[in-house]
Structures are given as structure tokens and as C-alpha cells.
Amino acid sequence: MQSKHAAFHLAAAGVLSLALAGAAQAQYKEGDVKGGGSIAGAIKFDGAAPAPKVFSVNKDKEVCGKSPIRDESLLVKGGGVVNVVVSLKGVASGKKWSTLPKAELDQKGCVYHPRIVVTKAGEDVTVLNNDNILHNVHTHPEKTGNPVANIAQPKFRKKLTLAKRYFAKPGIVKLTCDVHDWMAGYAVIAENPYVAVTGEGGKFEIKDVPAGSYTLEIWHEKLGM
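So in the numbering used here, the last one in the sequence shown is 609, and the numbering has no gaps at all.
Written out as C-alpha cells, the structure reads:
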């Protein structure tokens with residue numbers, strides 16, 4: 385059987401060095417970045433991508449669809465792995481948190497869009513319901529030590545704000561729906577805003593990186609890393 389795994393390809397530009405180990409992360413401070421560098425790369429899948437698992441739709445077919453829903457826990461497009469989280473550890477100060485996209489997930493067709501959002505520790509996360517059916521937002525804080533949220537979101541509750549206490553500590557928080565058990569999304573609670581999520585082709589770019597020595601870390605829900 386052919387071995388299949390993700391391969392990491394990195395291209396870097398600007399004044400930057402990457403260390404294999406970093407010191408403990410201090411409280412991040414926002415500031416101006418002058419002459420910052422950028423890191424661009426791609427997470428490639430070695431070999432043919434496995435056929436995705438599919439989930440049978442057993443309820444709310446008028447919204448969720450009558451066809452099976454594809455499992456996107458390992459999504460390969462253009463030879464690259466989509467939804468890999470790439471982050472820099474050890475950045476004490478730099479660009480503003482507002483450079484990150486808004487931490488907002490939408491439930492459309494009984495699927496979370498986007499699958500992954502990134503947020504600052506201690507910030508709210510918004511979950512929208514545009515399906516016009518009952519959903520349920522259930523958080524699984526993994527190893528973060530954050531409390532668990534388990535909140536019904538009926539069709540008339542178009543916007544649900546998950547309070548900051550559920551995202552108080554850095555790490556990964558998984559979101560599921562107890563009504564539709566195939567649904568899965570993730571909130572990445574970051575230590576700093578130097579985080580990117582890979583798109584098609586497994587490509588990513590982190591901009592405005594201040595000069596220094598940092599640890600580059602990658603995470604994927606199924607491949608680990």
C-alpha cells in the first residue's frame with residue numbers, strides 16, 4: 385500500500401529566521417511593523433488523495449440536501465491540503481489583531497462555513513444560522529481548559545454570540561451540532577495574529593512579520609502535525 389502523507393514546502397521573504405524552539409510566549413503587544421517580512425508556502429499532499437468519507441443525511445433533507453455530505457476533515461485541492469493552520473510562535477509584538485478575518489461561522493446547508501476561524505483569546509465568536517431550521521452549537525475545548533458551550537440555535541435565532549469565556553485560553557476549540565452529527569468546525573484561539581489557514585493548493589501567506597527568531601507551527605484536524 386502506498387504511503388500517503390502531507391509534505392511541507394516553505395518559501396520565505398524578508399528579514400526573518402525560524403528557530404526550532406521558542407521561549408515562553410509573553411503577552412502580545414500591538415504596534416507598527418516597519419520593514420516586516422512575509423512567509424509564503426504550501427502544504428502539499430504526497431500521492432493520490434484518499435476518497436473522502438460521506439455522511440448520509442437522515443434529517444432536514446429539504447435544507448441539508450438529499451445527497452450524502454462529503455467529509456471535509458481532509459480536503460485536498462490542487463495537490464495541496466486545505467484548512468491547515470500555520471502560525472508563528474514567539475512573536476512578542478507586531479501587527480494588529482484587526483488584520484485577522486472576523487471570527488464568524490455560518491451554518492449553510494448543514495455545513496459550517498468557513499470550517500476554521502481564528503480569534504484572539506478572550507474574544508466572542510459569532511455563529512449564524514441561515515438554514516431556517518434548528519441547529520445546536522456544542523463546543524469541545526480539547527485541551528484548552530475552556531468551559532463547554534451547548535446552546536440551541538432555533539431557526540428564529542439567526543445570530544448566536546458565543547461569549548468570550550468559551551475562548552479565554554489559547555488552543556483549539558471544536559464546534560459540532562448535536563442535531564446534525566456530521567457538522568464540524570473549529571475556532572483557533574491564537575497567541576498572536578500571525579496565523580494563516582491554507583486554501584486551495586495548500587497555499588498560505590503570513591505578512592508583516594517583524595525581524596526575529598520564531599517557531600513555525602502547523603496543525604491539521606486529521607493529520608495532526
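We put the CB at the ideal spot given by N, CA and C, even for glycine. It should be emphasised that the depicted structure is a prediction, and the values quoted were computed from it without experimental measurement.
CB contact flag (residue 554, residue 475, <8 Å):
Contact: no.
Take residue 517 and list the residues in its own chain whose beta-carbon comes closer than 7 Å to its own, dropping the five residues that flank it on each side.
444, 447 and 539
Tell me, please, whether the CB atom of residue 435 is closer than 8 Å to any CB atom in chain B?
Chain labels in this structure do not include chain B; a single protein chain is all it has.
Exposure of residue 418, with buried meaning 16 or more beta-carbon neighbours within 10 Å
exposed
Is the region 520 to 536 close to the region 468 to 484, with three or more CB pairs under 8 Å?
no
For residue 625, which residues from the same chain have a beta carbon less than 7 Å from its beta carbon, with the 5 sequence-adjacent residues on both sides left out?
Shown here, the chain extends from 385 to 609; a query on residue 625 therefore has no answer.
Consult DSSP for residue 446 and reduce its assignment to one of helix, strand or coil.
helix
Which runs of the beta strand (DSSP E) at least 3 residues long sit entirely within the region 524 to 591? Give them in chain order.
534 to 537, 543 to 546, 555 to 560, 568 to 574 and 579 to 581
Check whether the region 594 to 605 and the region 485 to 493 are in contact - that is, three or more C-beta pairs closer than 8 Å.
no
Drop a sphere of 10 angstroms on the beta-carbon of residue 534, count the other beta-carbons inside from all chains shown, and report buried for 16 or more, exposed for fewer.
exposed
Name the DSSP beta bridge partners of residue 509, please?
546
Run of the beta strand (DSSP E) containing residue 497, from where it starts to where it stops
Its beta strand (DSSP E) spans residues 495 to 497.
Residue 471 bridges to which residues according to DSSP?
579 and 601
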